[in-house]
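In the numbering used here, the protein residues as written are 3 to 238. For glycine and all other residues, C-beta sits at the position ideal for the given N, C-alpha and C. Predicted, not measured: the structure shown is a model, and the values here were computed from it. Working notes for the structure below.
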Ligand SMILES: Nc1ncnc2c1ncn2[C@@H]1O[C@H](COP(=O)(O)OP(=O)(O)O)[C@@H](O)[C@H]1O
Ligand SMILES: [Mg+2]
């Protein structure tokens, strides 16, 4: 049967978005692209932080991945240093000041691995497969954190393990973040080096040659202020 009804008219002009609607579409697309980029950045931060083996709590892990860390002294040092050509940054201070979290931030955003001074120095003193593997890893990673300086098994092992690591990484032009609690670094004080200042503590434990290399290619920062565990919890 022939259809003699009028064809439906389409007002094509009404389908063309107005400039304001076009702006809204642009804006929505920009927002979606930003959210997508942020999700991708979170994904990579999470992956790099896990791979780095940095020893942070679950809560700190989440803050690092979501980029919701509060500003701290260690972060104010690590952030700018991470984009310089300087080989070393040493952060010394009591526990609970955000040193390890700042290393987590570094690895999550830039890659690399974290080891403790104790495991590294043990690996330098031994010859089994695991020890060689850790030494090779620290020798080949561009970005390495050595955490918990001062907690090595003994002073001689500490001095030679840290010297060899610092020397080799300096030659290769790799970046190293060294973290420790100076108050707990056992002191080998001598008459002309009363182990009080951080310079003296560090140089006394790890040796003048290590100290000189670090000074030539980096800097040392003493973290002060209250323990962040309480300070940041209180602000919440
Ligand atoms: N940037 C930060 N933002 C929020 N909380 C932090 C931050 N840095 C440290 N903290 C808090 O302080 C605690 C101790 O930090 P941590 O890095 O382990 O200290 P340190 O290595 O100096 O002993 C963390 O578990 C966290 O609760
Ligand atoms: Mg720590």
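Is it buried or exposed, residue 75, if we count other Cβ atoms within 10 angstroms and call 16 or more buried? Buried, since its Cβ has 16 or more Cβ neighbours within 10 Å.
Other residues of its chain near residue 97: CB distance less than 7 Å, five sequence neighbours each side excluded: So the qualifying residues of the chain are 183.
Run the Cβ filter for me: residues under 6 Å from any heavy atom of ligand 1, listed in the order they occur in the chain. The answer, residue by residue, is 59, 62, 65, 71, 72, 74, 77, 97, 98, 99, 100, 101, 102, 103, 230, 231 and 234.
Opposing strand residues paired with residue 90 [DSSP bridges]: Paired residues: 178 and 220.
Taking the beta strand (DSSP E) that residue 116 falls in, what are its first and last residues? Residues 115-118.
Within 8 Å, do at least three Cβ pairs link the segment 217-234 to the segment 79-99? As far as the Cβ criterion goes, the segment 79-99 touches the segment 217-234, which means the pair count is three or higher.
Rounded distance between the beta-carbons of residue 138 and residue 55, thought under 8 Å: A Cβ-Cβ distance of about 15 Å is found for the pair residue 55 and residue 138, leaving them out of contact under the 8 Å criterion.
Does the beta-carbon of residue 181, which I'm using as the reference point, lie nearer than 8 Å to any heavy atom of ligand 2? Correct: residue 181 has its Cβ closer than 8 Å to ligand 2.
Paired residues, beta bridge with residue 148 - DSSP: Paired residues: 117 and 180.
My assumption, with CB atoms under 8 Å, is that residue 65 sits in contact with residue 71. Please give the rounded CB distance. At roughly 5 Å, the Cβ-Cβ gap stays under 8 Å, so residue 65 and residue 71 are in contact.
Reference residue 170; option with closest CA among 111, 146, 67 and 156: Comparing Cα-Cα distances from residue 170 to each of 111, 146, 67 and 156, the minimum goes to 146.
Would you identify the three-state DSSP class for residue 66, choosing helix, strand or coil? It is helical.
Just to check my reading of the structure: residue 120 and residue 154 have Cβ atoms closer than 8 Å, yes? What is that Cβ distance to the nearest angstrom? Confirmed, Cβ separation roughly 5 Å.
Between the CA atoms of residue 35 and residue 180 - distance to the nearest angstrom: Straight across, the Cα-Cα distance linking residue 180 with residue 35 is about 37 Å.
Go ahead and label residue 227 buried or exposed: buried means 16 or more other beta carbons lie within 10 angstroms of its beta carbon, across all protein chains shown. Taking all protein chains in view, the Cβ of residue 227 is surrounded by fewer than 16 other Cβ atoms within 10 Å, so the residue is classified as exposed.
Compare the C-alpha of residue 109 against each of 16, 215, 48 and 23 and name the closest. When only C-alpha atoms are compared, the closest one is 48.
Would you kindly check if the distance between the Cβ of residue 174 and the Cβ of residue 141 is under 9 Å? Here residue 141 is near residue 174, since their CB atoms are less than 9 Å apart.
Please state if the CB of residue 168 and the CB of residue 216 are separated by a distance shorter than 9 Å. In this structure, residue 168 lies closer than 9 Å to residue 216 by Cβ.
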